[in-house]
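Asks:
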Amino acid sequence: MNVTTVKEKSPFYKTKSSVVFALILILAALSCAAWFFMRADKEQTAGAGVGAGVKTAFTNPVYNHDAPDPTVLKAQDGYYYAITTQSQYEGNLVPLPILQSKDLVHWEMKGSVFTYDNVPSWATFDYMWAPHLTYYKGKYYLYYSTRVNDGDPFKGMGIGVAVADNPLGPYKDQGGPVVWGTGFEKIDPFVLDDEDGKRYLYWGSDKQPIYAAQLAEDGLSVIGEEKAVIYPGAQSREGYDALVEGPWVVKRNGYYYMFYSGDYCCQDNGHTPHYAVMAARSKSPTGPFEAYPDNPVLEKNDAFLAPGHNAVIQDEAGTDWMLYHAFNQKDITSSGRVMMLDRIDWKNGWPVIDGGAGPSSALQQDGPVTSGKSK
1 MNVTTVKEKS
11 PFYKTKSSVV
21 FALILILAAL
31 SCAAWFFMRA
41 DKEQTAGAGV
51 GAGVKTAFTN
61 PVYNHDAPDP
71 TVLKAQDGYY
81 YAITTQSQYE
91 GNLVPLPILQ
101 SKDLVHWEMK
111 GSVFTYDNVP
121 SWATFDYMWA
131 PHLTYYKGKY
141 YLYYSTRVND
151 GDPFKGMGIG
161 VAVADNPLGP
171 YKDQGGPVVW
181 GTGFEKIDPF
191 VLDDEDGKRY
201 LYWGSDKQPI
211 YAAQLAEDGL
221 SVIGEEKAVI
231 YPGAQSREGY
241 DALVEGPWVV
251 KRNGYYYMFY
261 SGDYCCQDNG
271 HTPHYAVMAA
281 RSKSPTGPFE
291 AYPDNPVLEK
301 NDAFLAPGHN
311 AVIQDEAGTD
321 WMLYHAFNQK
331 DITSSGRVMM
341 LDRIDWKNGW
351 PVIDGGAGPS
361 SALQQDGPVT
371 SGKSK
């Protein structure tokens with residue numbers, strides 16, 4: 001006799017089996033989806049930590065306008081600010097343009113530190129170069145290079161400082177140069193606020209050494225010895241260090257790393273730009289500095305010419321990024337020195353940019369990790 005079990009007869013059992021099977025399929029699909037999105041999120045915010053944002057892909061230049069000698073700072077409002085050497089905007093000379101970004105990739109010009117009407121009386125409107133922006137005890141300090149115009153014929157270029165409550169200004173100049181020279185030797189300022197509370201001002205150009213001096217607590221004068229820390233001709237291929245300028249110092253693993261540039265930045269008076277970024281390191285902020293044996297760190301390639309005068313900033317994942325200027329090889333004359341961005345890798349205790357291949361020109365999927373928004 002053919003015996004049929006209760007399970008085979010029961011429509012409830014068939015329905016229950018179908019539901020269980022469907023649930024298994026749904027759970028499997030959800031598990032795969034969760035794995036996929038967790039992986040994508042991990043790749044997108046790798047190393048970012050709690051509360052970090054997303055990577056923003058980019059292609060150089062990140063700001064396709066003349067923007068030489070950029071300084072960069074993440075301000076208290078959550079935005080990134082870059083301030084550059086004077087440039088032309090819509091036919092007008094803008095001294096020290098202020099650029100703003102949420103992600104280090106998309107930049108917008110928002111104003112200027114000075115205008116023709118409020119340029120300091122001791123400074124020169126059309127000589128506003130190589131700024132450095134820093135934040136100290138609730139104030140923004142903008143150091144800048146300018147020709148001293150106070151009636152003293154022996155003064156050449158000097159470094160001024162203006163202070164603001166907001167990175168967009170208004171900035172109030174402090175009334176005179178922090179340091180000045182007879183030629184171009186005291187330009188390109190950088191300020192380091194060290195972990196021990198001491199402050200240092202670096203500067204240098206005109207085929208003179210890069211110097212460092214301790215900065216007074218209020219940031220308005222130097223105290224103590226002015227010490228040469230990097231000399232021209234220290235060590236570099238193709239003579240890039242015949243002139244050294246544009247210092248930027250970061251502290252990493254017990255070393256003070258100085259990035260600096262040379263030899264000739266610009267395309268004027270019949271000169272061809274010959275410029276690159278170099279590096280040196282020291283256990284002390286005032287040296288002695290050991291030059292990177294494989295200098296330069298960043299030099300020209302087929303896409304971009306004369307990269308240099310860089311700034312360094314760390315994203316929310318702890319990755320270091322270099323912001324700098326360069327000429328586009330396809331458009332050297334009209335675009336000027338455009339603003340560029342590249343990741344700094346660290347190998348054997350030294351910085352490396354794109355494996356030594358020069359400025360990147362292809363799409364960079366692994367862009368900076370930022371929140372992508374202001375506070």
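Residues in the sequence shown are numbered from 1 upward in steps of one, following full-length UniProt numbering. Each residue gets a CB set at the ideal place from its N, CA and C atoms; glycine is no exception. Just so it is clear, the structure is predicted and the values come from calculations on it, not from any experiment.
1) From which residue to which residue does the beta strand (DSSP E) around threonine 333 run?
2) Counting pairs of Cβ atoms below 8 Å between the segment 279-298 and the segment 155-175, do you hit three or more?
3) Identify, in the order they occur along the chain, each residue of the same chain with its Cβ nearer than 8 Å to the Cβ of threonine 182, setting aside the five sequence neighbours on each side.
4) If I'm right that glutamine 267 touches aspartate 302 with Cβ under 8 Å, what's the distance once you round it to whole angstroms?
5) With H, G and I counted as helix, E and B as strand and the rest as coil, what does DSSP make of alanine 362?
6) Which value, in whole angstroms, describes the spacing of the CA atoms of serine 112 and tyrosine 324?
7) Taking only the alpha-carbon atoms, compute the straight-line gap between tyrosine 257 and glycine 169 and give it to the nearest angstrom.
8) Can you tell me where the beta strand (DSSP E) holding serine 284 begins and where it ends?
9) Of the residues Tyr200, Arg237, Ser335, which one's Cα is nearest the Cα of glutamate 225?
10) State yes or no: is the C-beta of valine 229 within less than 8 Å of the C-beta of alanine 212?
11) Short check: CB of serine 205 to CB of glutamate 245, under 8 Å?
12) Under the rule that 16 or more other beta-carbon atoms within 10 Å means buried, what is isoleucine 223, buried or exposed?
13) For tyrosine 141, which residues in the same chain have their Cβ closer than 8 Å to its Cβ, ignoring the five residues on either side in sequence?
14) List the residues that DSSP assigns as beta-bridge partners of aspartate 345.
15) From Tyr231, Trp107, Ser221, Glu238, pick the residue whose C-alpha is nearest to that of proline 177; which is it?
16) At what residues does the beta strand (DSSP E) containing glutamate 226 begin and finish?
17) Starting from arginine 147, trace the beta strand (DSSP E) in both directions and tell me its first and last residue.
18) So what's aspartate 246 in DSSP terms, helix, strand or just coil?
19) Measuring straight from C-alpha to C-alpha, what distance separates asparagine 118 and glycine 91?
20) Under three-state DSSP, which class holds glycine 239?
21) To test your reading of the DSSP string, which unbroken beta strand (DSSP E) runs of 3 or more residues are found completely within the segment 249-308?
22) For a minimum of 3 consecutive residues, which ranges assigned as the beta strand (DSSP E) are wholly contained in the segment 47-97?
23) Would you please state the rounded distance, in angstroms, between the beta carbons of isoleucine 83 and proline 120? I believe it to be under 8 Å.
24) Expressed to the nearest angstrom, what Euclidean distance is found between the alpha-carbon atoms of asparagine 64 and glycine 355?
25) Measuring only the C-alpha atoms, how far is histidine 106 from glutamate 290?
26) At the level of alpha carbons, what is the spacing between lysine 198 and threonine 286?
27) Is the separation between the beta-carbon of alanine 311 and that of tryptophan 248 shorter than 8 Å?
28) Can you say whether histidine 271 is buried or exposed, counting buried as having 16 or more other CB atoms within 10 angstroms of its CB?
29) Using a Cβ-Cβ cutoff of less than 6 Å, which residues in the same chain neighbour serine 101 once the five nearest sequence positions on both sides are dropped?
30) Does glutamate 108 come out as helix, strand or coil in the three-state DSSP assignment?
31) Can the beta-carbon of phenylalanine 327 be found closer than 8 Å to that of arginine 337?
32) Just verifying my parser: in three-state terms, what is the DSSP assignment at glycine 160?
Replies: Quick answer:
1) In the DSSP assignment, threonine 333 falls outside any beta strand (DSSP E) and within the unbroken alpha helix (DSSP H) covering 332-335.
2) Under the 8 Å Cβ criterion, the segment 279-298 does not count as touching the segment 155-175, having fewer than three qualifying pairs.
3) Cβ neighbours of threonine 182 within its own chain (closer than 8 Å, five residues either side excluded): Phe154, Lys155, Gly156.
4) The C-beta separation of glutamine 267 from aspartate 302 comes to about 18 Å, leaving the pair out of contact by the 8 Å criterion.
5) Alanine 362 falls in the coil class under three-state DSSP.
6) Cα to Cα, the separation comes out at about 19 Å.
7) In a straight line, the C-alpha of tyrosine 257 is about 30 Å away from that of glycine 169.
8) Run containing serine 284: none; DSSP gives neither H nor E here.
9) Ranking the options by Cα distance to glutamate 225, first place goes to Tyr200.
10) It is a contact, given that the beta carbons lie within the stated cut-off.
11) Yes, the Cβ-Cβ distance between serine 205 and glutamate 245 is below 8 Å.
12) Within a 10 Å sphere around the beta-carbon of isoleucine 223 sit fewer than 16 other beta-carbons, which makes this residue exposed.
13) Result list for tyrosine 141: Leu133, Thr134, Tyr135, Val161, Ala162, Val163, Val191, Gly219, in chain order.
14) According to the DSSP secondary-structure assignment, aspartate 345 is paired through a beta bridge with Val352.
15) Selected option, being the one with the closest Cα: Ser221.
16) Its beta strand (DSSP E) spans residues 222-230.
17) That run of the beta strand (DSSP E) goes 139-147.
18) Note on identity: in this sequence residue 246 is glycine, with aspartate being the wrong assignment. Taken through DSSP and simplified to helix, strand or coil, glycine 246 comes out as strand.
19) Their Cα atoms are separated by approximately 19 Å.
20) In the structure shown, glycine 239 sits in a helix (DSSP, three-state: H, G or I).
21) Those beta strand (DSSP E) runs which fall completely within the segment 249-308 and span 3+ residues are 255-264, 274-282.
22) DSSP runs (the beta strand (DSSP E)) wholly in the segment 47-97: 71-74, 80-83, 87-89, 92-94.
23) Going by Cβ atoms, the distance from isoleucine 83 to proline 120 rounds to 16 Å, so no, they are not a contact pair.
24) Between asparagine 64 and glycine 355, the C-alpha separation is close to 24 Å.
25) Rounded to whole angstroms, histidine 106 to glutamate 290 spans 36 Å at the Cα level.
26) Their Cα atoms are separated by approximately 12 Å.
27) Going by C-beta atoms, alanine 311 is nearer than 8 Å to tryptophan 248.
28) Flag for histidine 271 reads exposed.
29) Cβ-Cβ distances below 6 Å link serine 101 to Tyr80, Trp107 in the same chain, with the five nearest sequence neighbours on each side left out; the list follows chain order.
30) Annotated three-state conformation of glutamate 108 is strand, per DSSP.
31) The Cβ atoms of phenylalanine 327 and arginine 337 sit closer than 8 Å to each other.
32) Assignment of glycine 160 by DSSP, reduced to helix, strand and coil, places it in the strand class.
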